[in-house]
Amino acid sequence: MNKKLPALLLISVFVVATCGLIYELIAGTLASYLLGDSVTQFSTIIGVYLFSMGIGSWISKYFEKNILSWFIQIEILVGLVGGFSSTVLFLVFESIASFRIVLYGFVSLTGILVGLEIPLLMRILKDRYEFKDLVSKVFTFDYIGALLASLIFPLLLIPHLGLVKTAYMFGMLNVAVALIVCLSFKKEIRASKYLQSASMVSIILLLAGFVYADKITSFSESQTYSDTIIYSKSTPYQRIILTKKNKVLRLFLNGNLQFSSDDEYRYHEALVHPGLQALPFAKHVLVMGGGDGLAVREILKYPNVDSVTLVDLDKGMTSLFQSNKILLALNKNALLSPKVKVINADAFSWIKVQHKKFDFIVIDFPDPSNYAVGKLYTNAFYNLVKGILAPKGLMVVQSTSPYVAPKSFWTVNKTLESVGLKTIPYHNYVPSFGEWGYIMATDPDNIYKKPQQYLPGLRFVSKESLDLMLFFPKDMAKVETDVNKLNNQILVKYFEDEWANVL
Amino acid sequence: MSGQTFYKDDLSAYLKRRSFLLRIGLITGGIFLNSCYKKIRSTKYNIKGTLQGPNAKAGHILRDKIKLPAPSNTRKIKTLIIGSGISGLSAGRWLKKNGETDFEILELENHTGGNSYFGTNKVSAYPLGAHYITIANNDDNLLIDFLQEINVITHFEKELPYYNDYFLTFDPEERLLINGGWQEGLVPDFGVPATDKEQIKRFLQEVDQLKNTKGNDGKFLFNIPLSSSSSDPSYRKLDKISFHSYLEEKGYDSKYLLWYLNYACKDDYGQKIDKISAWAGLHYFASRRGKAANAEQNAILTWPEGNGWIMKELAKQLKDHIKTSTLCYGLKLMANGDITASIFNTHTNATEEIIAEKIILCSPQFVNNRLLKNFNRNIDYRAFNYSPWLIANITINELPESKGINLCWDNVAYNTPSVGYVNSAQQHLKLSEDKKVITYYLPLCDFEPAIARLAAYVRSYEQWLDIVVPELEMIHPGITDAIENIDFWVWGHGMIAPTTNFVWSENLKKAKAPINNKIFFAHSDLSGVSIFEEAFHQGINAAKQVLNVVS
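These protein sequences, in sequence, are chains X and D. In terms of this note's numbering, the first sequence has 169 at position 169, counting the first letter as 1, and numbering is strictly consecutive. In terms of this note's numbering, the second sequence has 1486 at position 486, counting the first letter as 1, and numbering is strictly consecutive.
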């Protein structure tokens, strides 16, 4: 036997140990990313992992013949399972309810396989070393590998490669060990050709995963978001990103914050209750935009409301908020309520052909930052909305910040007035947005009566807070503007100018 | 007239024709050779589409005097309108509006519309020719009435018309690619030196002043329709010099200003400032002073299918009167004063005769030249110059990112052969569309119209790609891969060009004059500028003449 070979096998121990620890770290990190509470996650993952390694060690005694060839096969398997683990976990996270079962399944499988490696290696090496030498060498390399892994993982791998690519890289290293061992011991192994080609194919698969990792889950984005991205998806209309930090979820559409779970109630309560509480007869409610179902959640608190029609352009968005567990918890299953009808359509085209009247209409579109969305803030659009507003009904429009963008805010007000509506502008403070504005509008013959009391359980809106909301201090006072029209789109220009000073 | 001069005229005409034929030969031969060369090389672009134009077959029956079967029947109609472009439809509308129902409109194409025709694919409707109008001058009551009739004007506020919000061009309207970036608006500004800007400002101030100036007869110097412009000789004489000479005389030499004026003349007249008369050149800038309750002065009205939308509104009310695929190939004056029109149906290949009391010829004068060959009218038809055009409707997946202002309705690049492209999705209300159709307009004005026209007819689809795609690629680097389809449309006689000494010439006056109070004329080429408003008024004028004679 060649003298080099034992050395080679010891290097394998080193690589195998590094890989093993890396998989464990990946699983722990992923779990704390996706599920939060990193202490619990890391602790349970490490526990399950070590326990599984124990199972692996125990099983190892049942391997009797062809140990070298088993070792190679297990290496290949560890490489594949470990390499693809983070991708699979990411992909199933939003679609599978019992994500934890999949997660711990992966952790156990990897643990068992890694647990098999060292005992098998020791048995391969047992005839080549004295027992005391063997134990000392194998465990030395094992622990050196563990130290290396635990140092490079947070310092180099996560910042530069990200979770998914790291997993693929170590998967490839694992399989590379299998291939090298296979080539070096080809005389001692039966079916070495088969094992060689199996490891080649596995390396190619892992390499492909490594190359396309960005497409599967875009970790490049994690650079731009301070929080951890737990979901990202490009729909035909927008890029949806969900981030999580501690218990706070944030939703970004095309990079713009839509809500932050810790203070969204301030926004959605302000958007819905001052209007809907004043309409005790309201039966039919329309929500345009707001595919997150959070405004609908507030609306469904009113027993008098029979039906809520939600019109949102993006099916990707409404489906996400109809299926993802975390998000369903946030919107209280609002979009699954039998009272709610979800329509995925372009708001302008949709409203043009509507005749049915609504008692309360919530317009919760993205900010008018481009000409396409700007169309939904024009007099032409509000005229159509007016056409389907019940005579005694009210509508409310999210109207950007009257503090940062007073011209934009008052342009929306002016545009609503230009189609013959009476407006009731108000505002409140939403920590993640800043000072935010809303405008209610109704037929000039109607008198808006401030609600004297509100539903129990509201956290922000009350009789007293509405008085404050209706008052505009000097720094947000009304400014004269033009009407926003399809053929001038001044709102987009104002919005751009005013927010450019801030962002 | 002496025999000597006759001979000399004849000879020079002969020589002119020889050199003309020679140039045609060289150009078409060149195109043919280029096409052979192209066939040897492998195809350069992987772009699919069609190459079409107005029905040439029907037109050639008229020109080449092909033998047709004898008429199978004869019928009588009070008023026969020939041509269903805007002037023909407008004439029909006026007759109907005034209680006259015994009329028929013949159209040789299988559809109405003339230059306002349009196309549709699965992405969008798009124009094939005329694609916008400006808001009406407030003294143009006939047009304002019509626009109200079709709900383009919805109501009046403080006596100003309120235009339908969906038809006023959505913002952003116009951008110009100049000095490496897209600027807002088409008047050169970005990276333009101060002295040039000064000249541009001076010119715009001058035309702005002309816009509000009246002649010695109390009429505006420049107005729409042209016939309502002042006849003040001190301005009419500008028709006798080219726009180019006028500008030279006034000391305008900024290349940016001259580019802008060349662009304007190409856009509205299909020719450059050296061909266009100074009067017509100024008319472009000084005739529109429309005010609206809800839009800027001279605001633009447009539709995805361009003026095809207005055309459909006109044709809708006349559908029982319109006969398409029907060619009139001869007119004869009868003893009792009525006129016999020989009609050929290109669909059924049947011919018939229609005996009409009155005829309104809404066909262009190059067609009337053939139709009226039996009438001695003494008109020089060669003075009618029709600019040929290429229209390319381009379906694209996505425009590559570019610097400056985003996609607008009208997108023009400085110093390119075309006059840019319009976005047919501009008036769409949808928030996001994955595909777009852009309509690219190329006036073929580098040679005299007759030569450019013949050259255009010989070019193959691939050769048009070779002309159009490199320009688009220059404007939008990387666009070639995003092009899914291009449909070309060639207008041999795209629009009348108001060349020097044409609009106010005796010749044009003669061409407008009715024959024996029996045959009347309506077409924008009789105004001298090819815009919707002119065709619209031409049609009404002719219909009024017909109604006056009858009553």
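Here a beta-carbon is modelled for each residue, glycine too, at the ideal position from N, C-alpha and C.
PHE1170 (chain D) and PRO1225 (chain D) have their C-alpha atoms spaced approximately 26 Å apart. Around the CB of ASN1374 (chain D), fewer than 16 other CB atoms lie within 10 Å, so the residue is classed as exposed.
When C-beta atoms of the segment 1479 to 1494 of chain D are compared with those of the segment 1450 to 1460 of chain D, three or more pairs fall below 8 Å, so the two segments count as touching. By the Cβ rule, the segment 1400 to 1410 of chain D counts as touching the segment 1177 to 1186 of chain D, because three or more pairs are nearer than 8 Å.
Residue range 1086 to 1097 is occupied by the alpha helix (DSSP H) that includes GLY1088 (chain D). Three or more beta-carbon pairs separated by less than 8 Å are not found between the segment 424 to 435 of chain X and the segment 375 to 389 of chain X, which leaves the two stretches without contact. Of the candidates X:LYS325, X:GLN452, X:VAL13, X:ILE299, X:VAL13 places its Cα closest to the Cα of ILE144 (chain X).
In this structure, the CA atom of PHE170 (chain X) is about 6 Å from the CA atom of CYS19 (chain X). For GLU1352 (chain D), the enclosing beta strand (DSSP E) starts and ends at 1351 to 1361.
Listed along the chain, the chain X residues whose CB falls inside 8 Å of the CB of LYS1158 (chain D) amount to none; the nearest CB is some 14 Å away. DSSP, read as helix, strand or coil, puts TYR62 (chain X) in helix.
Contact of THR1169 (chain D) with chain X is assigned, a C-beta pair being separated by under 8 Å. Looking at the backbone, the Cα of LYS1435 (chain D) and that of LEU1051 (chain D) are separated by about 21 Å.
Cβ contact annotation for ALA178 (chain X) (same chain, cutoff 6 Å, sequence separation greater than five): ILE72, GLU75, ILE76, SER199, in chain order. With respect to the C-alpha of ILE46 (chain X), the residue from X:ALA27, X:SER57, X:PHE63, X:SER60 having the closest C-alpha is X:ALA27. When DSSP states are grouped into helix, strand and coil, CYS1328 (chain D) belongs to the strand group. For ASN1336 (chain D), the closest Cβ of chain X is not nearer than 8 Å. Between ILE1355 (chain D) and the set D:ASN1349, D:HIS1347, D:GLY1337, D:ALA1130, the nearest pair of CA atoms involves D:GLY1337. Counting only residues of its own chain and dropping the five nearest sequence neighbours on each side, LEU1318 (chain D) has a CB closer than 8 Å to the CB of LEU1089, GLY1092, ARG1093, LYS1096, ILE1105.
For a cut-off of 8 Å, the C-beta gap from LEU286 (chain X) to TYR302 (chain X) is around 14 Å, too long to register as a contact.
Taking the Cα positions, LEU1062 (chain D) is about 11 Å away from ILE1343 (chain D). The segment 1349 to 1367 of chain D makes no contact with the segment 1393 to 1402 of chain D: fewer than 3 CB pairs, one atom from each, lie closer than 8 Å. A check of alpha carbon separations from LEU68 (chain X) across X:GLU188, X:PRO368, X:VAL308, X:GLU464 identifies X:GLU188 as the nearest. When C-alpha distances from TRP499 (chain X) are compared across X:SER86, X:LEU313, X:ASN256, the shortest belongs to X:ASN256.
DSSP places ARG1236 (chain D) inside the alpha helix (DSSP H), whose first and last residues are 1233 to 1236. For the pair SER197 (chain X) and GLU1473 (chain D), the Cα-to-Cα distance works out to about 48 Å. Under the 10 Å beta carbon count, SER1254 (chain D) is surrounded by 16 or more other beta carbons and is classified as buried. Restricting attention to beta strand (DSSP E) runs no shorter than 3 residues, the segment 1091 to 1169 of chain D encloses them at 1103 to 1106, 1118 to 1120, 1125 to 1127, 1132 to 1134, 1153 to 1157, 1160 to 1163, ordered along the chain.
If the five residues before and after ASP1380 (chain D) are omitted, its C-beta is found closer than 6 Å to the C-beta atoms of ASN1507, all from its own chain and listed in chain order. Proximity of chain X to LYS1291 (chain D) at the Cβ level (cut-off 7 Å) is not reached, the minimal Cβ distance being about 15 Å. Rounded to whole angstroms, LEU89 (chain X) and GLY434 (chain X) show a C-alpha spacing of 36 Å. By the criterion of at least three beta-carbon pairs nearer than 8 Å, the segment 50 to 58 of chain X is in contact with the segment 106 to 116 of chain X.
Taking C-alpha positions only, TRP70 (chain X) is separated from VAL181 (chain X) by approximately 12 Å. Buried is the label assigned to VAL430 (chain X), since at least 16 other Cβ atoms lie within 10 Å of its Cβ. If you draw a 10 Å sphere on the C-beta of ARG1377 (chain D), you find fewer than 16 other C-beta atoms in it, and that means exposed. Counting only the Cα atoms, VAL1468 (chain D) lies some 21 Å from THR1120 (chain D).
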